[in-house]
Amino acid sequence: MYSKKIEIIILDDHPLVHEGIQHILQQHSEIEVLGSFINAEDALNFLKENSADLILLDINLPDINGIELCKTIKQLYHGIKIIALSNHNERLIIAKILQNGASGYVLKNASSKELIQAIKDAMDGKLILNDEVQKILATANNEIAEAPHITRREKEILQCIAQGLTTAQIAEKLFISPLTVETHRRNLMQKFEVNNAPALIHIAVELKMI
Numbered sequence: 001m002y003s004k005k006i007e008i009i010i011l012d013d014h015p016l017v018h019e020g021i022q023h024i025l026q027q028h029s030e031i032e033v034l035g036s037f038i039n040a041e042d043a044l045n046f047l048k049e050n051s052a053d054l055i056l057l058d059i060n061l062p063d064i065n066g067i068e069l070c071k072t073i074k075q076l077y078h079g080i081k082i083i084a085l086s087n088h089n090e091r092l093i094i095a096k097i098l099q100n101g102a103s104g105y106v107l108k109n110a111s112s113k114e115l116i117q118a119i120k121d122a123m124d125g126k127l128i129l130n131d132e133v134q135k136i137l138a139t140a141n142n143e144i145a146e147a148p149h150i151t152r153r154e155k156e157i158l159q160c161i162a163q164g165l166t167t168a169q170i171a172e173k174l175f176i177s178p179l180t181v182e183t184h185r186r187n188l189m190q191k192f193e194v195n196n197a198p199a200l201i202h203i204a205v206e207l208k209m210i
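The numbers in the UniProt record's numbering rise by one with no breaks, and the one at position 158 of the sequence shown is 158.
Here it is as structure tokens:
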């Protein structure tokens, strides 16, 4: 499925978590752990000299908030996928890190199978929200603004984005040009007042639009 190994960085301030995650990932030949770091500074220094496909990121770090670090990394290295891996189950925390560009949120009580699937889904461009996280995000819907009006075509585009399809794949599926897909994508971002696909899908899920 993958032409090369998925290169991963683990960023968590608990050594036992590092050991546990590495043990899980080492069972899968398609995944390679490039490094494990307990603070953001060391991880950022590593990324200056090395590339990675995906970061497993804890929210609580000794030197910086993981939510803000997610935003920083996505700004510096747009192509890197980030999966938040945390014990926090607060809706606002999950929503914020998704808005900052994370590909998904996995609670630390998830199974090893769920973690591996989350990594693969992230690499395929999908948004990772398992049932437990979706239930958390579905709470307090009274805080959510009224659903924006979207056209039938925009809803089709939205559903395709949620499936992890690329612009080219959406264009082929819907028999429209990639430029038209990008136009609809921009319109959706404006209507939902977000600037990335994970945040777009997060809000759409909350509003039960997909």
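Beta carbons: idealized from backbone N, C-alpha and C, even for Gly.
Along the alpha helix (DSSP H) that carries residue i, what are the first and last residues, could you check?
i	result
residue 33	It is not in any alpha helix (DSSP H) - residue 33 instead sits in the beta strand (DSSP E) that spans 31-37.
residue 112	112-123
residue 98	91-99
residue 172	167-174
residue 209	Residue 209 -> no alpha helix (DSSP H), and no H or E assigned at all.
residue 182	178-192
residue 50	No alpha helix (DSSP H) contains residue 50, which DSSP labels as neither H nor E.
residue 78	Taken as a continuous stretch (DSSP letters only), residue 78 belongs to no alpha helix (DSSP H), as it is neither H nor E.
Restricting to Cα atoms, I'd like to know which of the options is closest to residue i.
i	options	result
residue 56	84, 34 and 62	84
residue 208	182, 159 and 181	159
residue 101	170, 45 and 122	122
residue 111	210, 15, 19 and 24	24
residue 93	68, 77 and 171	68
residue 168	42, 182 and 189	182
residue 45	171, 77 and 195	77
Within the same chain, show all residues whose beta-carbon is closer than 8 Å to that of residue i, passing over the 5 residues directly before and after it, in chain order.
i	result
residue 192	148, 199, 200, 203 and 204
residue 26	33
residue 134	205
Apart from the five residues on each side of it in sequence, which residues of its chain come closer than 7 Å, Cβ to Cβ, to residue i?
i	result
residue 28	116
residue 89	107 and 136
residue 52	7, 8, 9, 34 and 80
residue 153	184
Just how far apart, CA to CA, sit residue i and residue j?
i	j	result
residue 179	residue 61	41 Å
residue 118	residue 151	31 Å
residue 131	residue 105	11 Å
residue 64	residue 17	18 Å
residue 142	residue 98	Interpretation of residue 142 is limited by its pLDDT of 46, a score under 50 that renders its predicted location unreliable; the figure taken from the coordinates is listed afterwards. Roughly 19 Å between the two C-alpha positions.
residue 20	residue 114	14 Å
residue 189	residue 156	14 Å
residue 14	residue 66	14 Å
residue 59	residue 172	38 Å
For residue i, which residues in the same chain have their Cβ closer than 6 Å to its Cβ, ignoring the five residues on either side in sequence?
i	result
residue 164	124, 125 and 126
residue 87	108
residue 22	33
residue 162	201 and 210
What first and last residue would you give for the beta strand (DSSP E) that runs through residue i?
i	result
residue 84	81-86
residue 154	Element bounds for residue 154: not the beta strand (DSSP E) but the alpha helix (DSSP H), 152-162.
residue 57	54-57
residue 106	104-107
residue 6	6-11
Do the region 34-49 and the region 9-20 make contact, defined as three or more Cβ pairs closer than 8 Å? yes
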